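S.K.: Residue numbers (the numbering used here), protein chains in the order written: chain A, 1 to 354; chain B, 355 to 708; chain C, 709 to 1062.
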Amino acid sequence: MNDDVDFSGQLCLWYRGEVVVDIAAGALSLDSLTGVFSVSKALSALVIARLVDSGQLTLDARVSMYWPEFAASEKEAITVRQLLAHQAGLVAIDGVVALDLFLDCSVGGAALARQFPLWRPGTAFGYHGLTIGVLMEELVRRITGQYLQEIYERDIRSPRGVDAYLGLPPGLDARYVPTDDAILSSTQPGDTLRRPPLDGVTTSVFGNLDCGMTNATDSAFTNNVRTRRVGPAAFGGVASARGLAALYADALESSPTPVASANTLARMAQQHSWGTDRVLHATRAYGLVYMLPHPEMAFGSPYAFGHDGAGGALVFADPRSQISFAYIPHPMQFPGGVDARAIVLAQLAQQCAA
Amino acid sequence: MNDDVDFSGQLCLWYRGEVVVDIAAGALSLDSLTGVFSVSKALSALVIARLVDSGQLTLDARVSMYWPEFAASEKEAITVRQLLAHQAGLVAIDGVVALDLFLDCSVGGAALARQFPLWRPGTAFGYHGLTIGVLMEELVRRITGQYLQEIYERDIRSPRGVDAYLGLPPGLDARYVPTDDAILSSTQPGDTLRRPPLDGVTTSVFGNLDCGMTNATDSAFTNNVRTRRVGPAAFGGVASARGLAALYADALESSPTPVASANTLARMAQQHSWGTDRVLHATRAYGLVYMLPHPEMAFGSPYAFGHDGAGGALVFADPRSQISFAYIPHPMQFPGGVDARAIVLAQLAQQCAA
Amino acid sequence: MNDDVDFSGQLCLWYRGEVVVDIAAGALSLDSLTGVFSVSKALSALVIARLVDSGQLTLDARVSMYWPEFAASEKEAITVRQLLAHQAGLVAIDGVVALDLFLDCSVGGAALARQFPLWRPGTAFGYHGLTIGVLMEELVRRITGQYLQEIYERDIRSPRGVDAYLGLPPGLDARYVPTDDAILSSTQPGDTLRRPPLDGVTTSVFGNLDCGMTNATDSAFTNNVRTRRVGPAAFGGVASARGLAALYADALESSPTPVASANTLARMAQQHSWGTDRVLHATRAYGLVYMLPHPEMAFGSPYAFGHDGAGGALVFADPRSQISFAYIPHPMQFPGGVDARAIVLAQLAQQCAA
């Protein structure tokens, strides 16, 4: 571990059930934990997958079947499939958008249930960078009576003992390496924020939410202990690459302890939204919750599934090549989202596997 | 007023119910009226909004419910929503396309009712630059027994006394400043005409229609007195920026005399079509009738709605910033449609309001 | 005929029922036959059109109505229309992809019936370069009990005596000029293969299929006598430009011996898929089976329909201009698909007709 370098990172790679790469450099050691922003969605997606497996959640059902208030503002016909494929048009929330909306899904869920969609649901897709977390959380809560984070911790993370948290316990704060959120306060911040200036969607999506403060109390992200403890499903994850790769090794059918059925994961990895993302104004491919490879983000076969995060982190599993890959750079890379290094590393990993 | 300048224009801006900018320069005085081409669609849209408000028009109903002949040529399932969102594929008319088709909607409507759509309805969208006017007019006529222009004049324009006409009375011809249609006769004309050469759609959309003649008798547009008197819903409007801004100030909920309900206007301002327009071959966002902002035409918040016109005019209301904006340049700017100046002016207005 | 030139080709043009251009140069004489790759789809499409005409095939029916096994892997709701518009997501086949899958549609059809779609059917489109052939063949076989190639030969080709074969008889091998498949073995091969490197779809679509061998035994294409005899519907056609143009002259309503009704062909020529093709990652427009003109491939009016092929060949009919056009260059042009020369020639033909 060395703080003097310009670039730090963790990289962990599994191939056919074995760890084949596990390295760290610079400010991050192998055991360091840090905020992984939207990579969190790949943790949350596994809770969804298990509800599908158990028959508690039906992808083609209407959201309002599980969550009656969601039918307001002409949203009664939106299906779970549309919701999870970033097609519902609920990217912005009217009124004051404060962090509390994202720390308790009963609060944020109520706001989203009232919300009139920005676009006619089903006619298009765009990254629900912040809101898809609340939507998943409230859907899970309505179905199970439990918080997504509780289920994740009890049924997924804890049995595996992996370093990939939605809600970091206080006892692990010592291993937490703060993210460099400063970059998020620039005019062209990263990940979910990345889009041309003067596009009205930016302001609407983030409202009054403070996305840029590095101040530990005010930040919306995991440097803020409130966020870190809760672990919002869209952006509140704290992990190491080692933890992420171990978790996603269990997203492959060959795992002796699969986290969900290969059938369900393949259905969630199926392309549902592809083309120009109307929030990010860039090419994206989404399955259900998952971010998928496409020519401008070619990290794997068409069967690979995972998620990137502001800061440049990336996790995915690829059933074709049988690899599980996790990468976390530090500090986060401008302009956020999966960075060129992550893609190159993923492609090298794919070539080694082939 | 000064005819010696290269550039003339009118600009009028309302903020929270008050006029805050009202200027004119060059060949246009504050009281000048001129042809606003597709900005006319923003006038016509208000008639549609009122029919929705009164319950006479249901957006999710099939067009053929109101207009049985429209069901011909596999169009029975097209909804009003698809029709108004430029998704119906009725951009071209087979056979001779003459001005008469656009001066009497019973004539043009009969042709469009027979027409087989260029694309499978609902699979895509493209600017129905000329035909959406006839389609709105005939829909209104079938529902109400009256012409769209009559309703507009009686219920919308006249009570407000605003200078924004669909059908200019002879007594106001003295205030009419001719548009410079010459530019429309070039090989790359403006607005609805703007698209790459050799694309077969161009010829099909316009057929034999003479779009380029500056001759007052032959032009399809408002320099032709026949067109000016009728005021075709898609392109026949005559207005001043002052008139347009006053009208659209009444499209904001805060107005004491709203032209339609905020709820209906928000539904018409919801994005329905977004991405590459298959007629214009450029990025566009449409609600129902309305042209909406997008990153390459960033005139307002995602809640703003209005329309541009060949020649570079632009009108919109923005419920977020509470402004109403209207701009008319003269002569029209190549290649037509909202010009860079209009966007810059709109952005300045938005910044002042914020 | 002259083998010393760099470029060879055939060009044949019909206008209003008469041959107006019929030339050949270089290695191709007027009577030469060669492999036309995906232009084959334009031959196969005519069999589909005749089944629609006869009422044996309904475009809005589900594929599984005719082919029950196709309902597997969540494909029960896919319509014939979606299948033929490249929207079904069946671009890749899991497992070993060998030539035999394409030489007998009962084998390839069984694999495609099992296949889980790469994307959610109906949400997008992408060129089914190889598989649309098997899908058409098996659909035809289920409906008629006969092979598409048999019907094509008996009902379409033979009565006209045209040089456009799906399955070349041994007696005509002497006229066959081998294609230069070597170009297909490069890293950026042509036509269906054309897309950015490292995009996982490439590998998946082609699997183990040997597309590049010039060895007459191993090639997947018509230099391989096995392929040439069968004439796979997607890529196995052998023809001359003279034969293709004569055939497509009968795809115009004005023909005294039309190959199918103008009504059906217009419905198949209607745009169903338009925009960025998610397999080719380039702009494309498709009707049902047919490739259609768009601004980057502007070969005709919006009513024109036909197909290009790896190697640069192109055939189309244009009901607007009443021309039938066929062009075959030799050797094939990198990177395949319709080449710039074909478009320029088509545009010249259109101008002469106008």
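Note that beta-carbon positions come from the ideal geometry of N, C-alpha and C, so glycine has one too.
Every value quoted in this text rests on a predicted model; they were computed, and no experiment measured them.
Between G629 (chain B) and chain C, is the shortest Cβ-Cβ distance under 9 Å, so that the two count as touching?
M.R.: Here residue 629 (chain B) refers to the residue found at position 275 when the second sequence is read from its first residue. Yes, contact with chain C.
S.K.: Can you pull the chain A residues whose beta carbon is under 9 Å from the beta carbon of Q469 (chain B), in chain order?
M.R.: As a first step, residue 469 (chain B) must be located in the second sequence, where it is residue number 115. Going along chain A, no residue has its Cβ under 9 Å from Q469 (chain B), so there is no contact; the nearest lies around 24 Å.
S.K.: Between T965 (chain C) and chain A, is any beta-carbon pair separated by less than 9 Å?
M.R.: Numbered from 1 along the third sequence, position 257 holds the residue referred to as residue 965 (chain C). Closer than 9 Å: no.
S.K.: Expressed to the nearest angstrom, what Euclidean distance is found between the alpha-carbon atoms of P683 (chain B) and Q676 (chain B)?
M.R.: If you number the second sequence from 1, residue 683 (chain B) lands on position 329. If you number the second sequence from 1, residue 676 (chain B) lands on position 322. Taking the straight line joining both Cα atoms gives about 23 Å.
S.K.: Give every residue of the same chain whose Cβ lies closer than 8 Å to the Cβ of G522 (chain B), excluding the five residues on either side of it in the sequence, and list them in chain order.
M.R.: As a position in the second sequence, residue 522 (chain B) is number 168, starting the count at 1. For the sequence presented, residue 522 (chain B) should be read as Leu rather than Gly. Around L522 (chain B): L387, Y530, T576, R582, R583, G585 and V592.
S.K.: Compute the distance between the beta-carbons of R114 (chain A) and D94 (chain A), then report whether it is under 9 Å.
M.R.: Along the first sequence, one-based indexing puts residue 114 (chain A) at 114. Along the first sequence, one-based indexing puts residue 94 (chain A) at 94. Against a cut-off of 9 Å, the Cβ pair of D94 (chain A) and R114 (chain A) comes out as a contact.
S.K.: Assign T131 (chain A) to buried or exposed, taking buried as 16 or more other Cβ atoms, counted over all protein chains shown, within 10 Å of its Cβ.
M.R.: Position 131 of the first sequence, counted from the first residue, corresponds to residue 131 (chain A). Under this definition T131 (chain A) is a buried residue.
S.K.: Checking the sheet assignment: what are the DSSP bridge partners for W473 (chain B)?
M.R.: The residue given as residue 473 (chain B) occupies position 119 in the second sequence. In the DSSP output, where bridge partners are listed per residue, W473 (chain B) has C:Q979.
S.K.: Beta-carbon of E428 (chain B) versus every beta-carbon of chain C: anything under 9 Å?
M.R.: Here residue 428 (chain B) corresponds to residue number 74 of the second sequence, with the count starting at 1. For E428 (chain B), the answer is yes, since a Cβ of chain C falls inside 9 Å of its Cβ.
S.K.: Go to Q718 (chain C), then tell me how far its beta strand (DSSP E) extends in each direction, as first and last residue.
M.R.: Stepping through the third sequence from its first residue, residue 718 (chain C) is reached at position 10. Per DSSP, Q718 (chain C) belongs to the beta strand (DSSP E) from S716 to Y723.
S.K.: For D564 (chain B), which residues of its own chain have a beta-carbon under 8 Å away from its beta-carbon, when the five flanking residues on both sides are left out?
M.R.: For the purposes of this step, residue 564 (chain B) is taken as residue 210 along the second sequence, with counting starting at 1. With a pLDDT of only 41 at D564 (chain B), under 50, the local geometry of the prediction cannot be trusted, and the value read off the model is given with reservation. Counting only Cβ-Cβ distances below 8 Å, and skipping sequence neighbours, we find L453, D572, S573 and A574.
S.K.: With 9 Å as the C-beta to C-beta threshold (strictly closer), list the residues of the stretch 755–776 of chain C near chain A in chain order.
M.R.: Within the stretch 755–776 of chain C, no residue qualifies.
S.K.: From the DSSP output, which residues share a beta bridge with G306 (chain A)?
M.R.: The count along the first sequence starts at 1 and reaches residue 306 (chain A) at position 306. According to DSSP, G306 (chain A) bridges with A:M291 and A:F316.
S.K.: Please go through the same chain and pick out, in chain order, the residues whose beta-carbon is closer than 6 Å to the beta-carbon of S64 (chain A), but skip the five residues on each side of it.
M.R.: Residue 64 (chain A) sits at position 64 when you count from the first residue of the first sequence. Only F70, A71 and E76 meet the Cβ criterion.
S.K.: For H626 (chain B), return the contacting residues in chain A, with the cut-off set at a CB-CB distance below 8 Å.
M.R.: Numbered from 1 along the second sequence, position 272 holds the residue referred to as residue 626 (chain B). Neighbours of H626 (chain B) on chain A, chain order: W119, R120 and T123.
S.K.: What do you get for G89 (chain A), buried or exposed, if any count of 16 or more other CB atoms within 10 angstroms of its CB means buried?
M.R.: Indexing the first sequence from 1 puts residue 89 (chain A) at position 89. Answer is buried; the Cβ neighbour count reaches 16.
S.K.: Given 8 Å as the limit, is there contact between the stretch 748–757 of chain C and the stretch 942–961 of chain C, that is, 3 or more CB pairs closer than that?
M.R.: Verdict: yes, contact present.
S.K.: Which ranges does the alpha helix (DSSP H) cover as unbroken runs of at least 4 residues, wholly within the stretch 831–897 of chain C, from first to last along the chain?
M.R.: Whole alpha helix (DSSP H) segments, 4+ residues: 839–852 and 856–859.
S.K.: For A251 (chain A), is the classification buried or exposed, using 16 other Cβ atoms within 10 angstroms of its Cβ as the cut-off for buried?
M.R.: Here the question's residue 251 (chain A) lines up with position 251 in the first sequence. By the neighbour-count rule (16 or more Cβ atoms within 10 Å), A251 (chain A) is buried.
S.K.: Out of A:P331, A:T79 and A:D6, point me to the one whose CA is closest to D180 (chain A)'s CA.
M.R.: Residue mapping note: residue 180 (chain A) aligns to position 180 of the first sequence, counting from 1. Answer by Cα proximity: A:P331.
S.K.: Within the continuous alpha helix (DSSP H) that includes I697 (chain B), where are the two ends?
M.R.: Here the question's residue 697 (chain B) lines up with position 343 in the second sequence. Segment A694 to A707, the alpha helix (DSSP H) holding I697 (chain B).
S.K.: Can you tell me the Cα-Cα spacing of S261 (chain A) and W67 (chain A), whole angstroms?
M.R.: Position 261 of the first sequence holds residue 261 (chain A). Position 67 of the first sequence holds residue 67 (chain A). The alpha-carbon atoms of S261 (chain A) and W67 (chain A) are separated by roughly 25 Å.
S.K.: Which class does R404 (chain B) belong to by DSSP, given the choice of helix, strand or coil?
M.R.: Here residue 404 (chain B) refers to the residue found at position 50 when the second sequence is read from its first residue. If DSSP states are grouped into helix, strand and coil, R404 (chain B) belongs with the helices.
S.K.: Spatial neighbours of S106 (chain A) within its chain, please: CB distance less than 8 Å, with the 5 preceding and 5 following residues excluded, ordered by chain position.
M.R.: Stepping through the first sequence from its first residue, residue 106 (chain A) is reached at position 106. Closer than 8 Å at the Cβ level, and outside the excluded window around S106 (chain A), lie E138 and R141.
S.K.: Relative to chain B, which residues along the stretch 997–1021 of chain C have a C-beta separation below 8 Å, given in chain order?
M.R.: Listed by position, the residues of the stretch 997–1021 of chain C near chain B (Cβ gap below 8 Å) are P1001, H1002, P1003, A1006, G1008, S1009, P1010, Y1011 and A1012.
S.K.: Looking at the unbroken alpha helix (DSSP H) that takes in D808 (chain C), where does it start and where does it end?
M.R.: The residue you call residue 808 (chain C) lines up with position 100 of the third sequence. That run of the alpha helix (DSSP H) goes D808 to L811.
S.K.: Which two residues bound the contiguous beta strand (DSSP E) that contains S1032 (chain C)?
M.R.: Indexing the third sequence from 1 puts residue 1032 (chain C) at position 324. Where S1032 (chain C) is concerned, the enclosing beta strand (DSSP E) stretches over I1031 to H1038.
S.K.: Can W827 (chain C) and R986 (chain C) be called in contact, C-beta distance under 9 Å?
M.R.: Here residue 827 (chain C) corresponds to residue number 119 of the third sequence, with the count starting at 1. Here residue 986 (chain C) corresponds to residue number 278 of the third sequence, with the count starting at 1. It is a contact, given that the beta carbons lie within the stated cut-off.
S.K.: Report the rounded CA-to-CA distance for A1012 (chain C) versus T630 (chain B), giving the unit in angstroms.
M.R.: Taking the first residue of the third sequence as 1, we reach residue 1012 (chain C) at position 304. Taking the first residue of the second sequence as 1, we reach residue 630 (chain B) at position 276. The straight-line gap from Cα to Cα measures roughly 21 Å.
S.K.: Classify G463 (chain B) as helix, strand or coil using the three-state DSSP reduction.
M.R.: Walking along the second sequence from the start, residue 463 (chain B) turns up at place 109. If DSSP states are grouped into helix, strand and coil, G463 (chain B) belongs with the helices.
S.K.: Per DSSP, which residues does L741 (chain C) bridge with? Please list them.
M.R.: Residue numbering aside, residue 741 (chain C) sits at position 33 when the third sequence is read from its first letter. DSSP lists C:Y884 as partners of L741 (chain C).
S.K.: Would you mind sorting V870 (chain C) into buried or exposed? The rule is 16 or more other CB atoms within 10 Å of its CB.
M.R.: In the third sequence, residue 870 (chain C) corresponds to position 162, counting from 1. Answer is buried; the Cβ neighbour count reaches 16.
S.K.: Would you say R789 (chain C) reaches chain B, if we count a Cβ-Cβ gap shorter than 9 Å as a contact?
M.R.: Residue numbering aside, residue 789 (chain C) sits at position 81 when the third sequence is read from its first letter. Yes, because at least one Cβ of chain B sits closer than 9 Å to the Cβ of R789 (chain C).
S.K.: Can you give me the C-alpha to C-alpha distance between H307 (chain A) and T144 (chain A), rounded to a whole angstrom?
M.R.: Reading the first sequence from its first residue, position 307 is the one you call residue 307 (chain A). Reading the first sequence from its first residue, position 144 is the one you call residue 144 (chain A). In a straight line, the C-alpha of H307 (chain A) is about 25 Å away from that of T144 (chain A).
S.K.: Where do the N-terminal and C-terminal ends of the beta strand (DSSP E) with T637 (chain B) fall, by residue?
M.R.: By one-based count along the second sequence, residue 637 (chain B) stands at place 283. T637 to Y640 is the extent of the beta strand (DSSP E) around T637 (chain B).
S.K.: Any beta-carbon of chain B closer than 9 Å to the one on G129 (chain A)?
M.R.: Against the first sequence, residue 129 (chain A) aligns to sequence position 129. Not one chain B Cβ lies under 9 Å of G129 (chain A).
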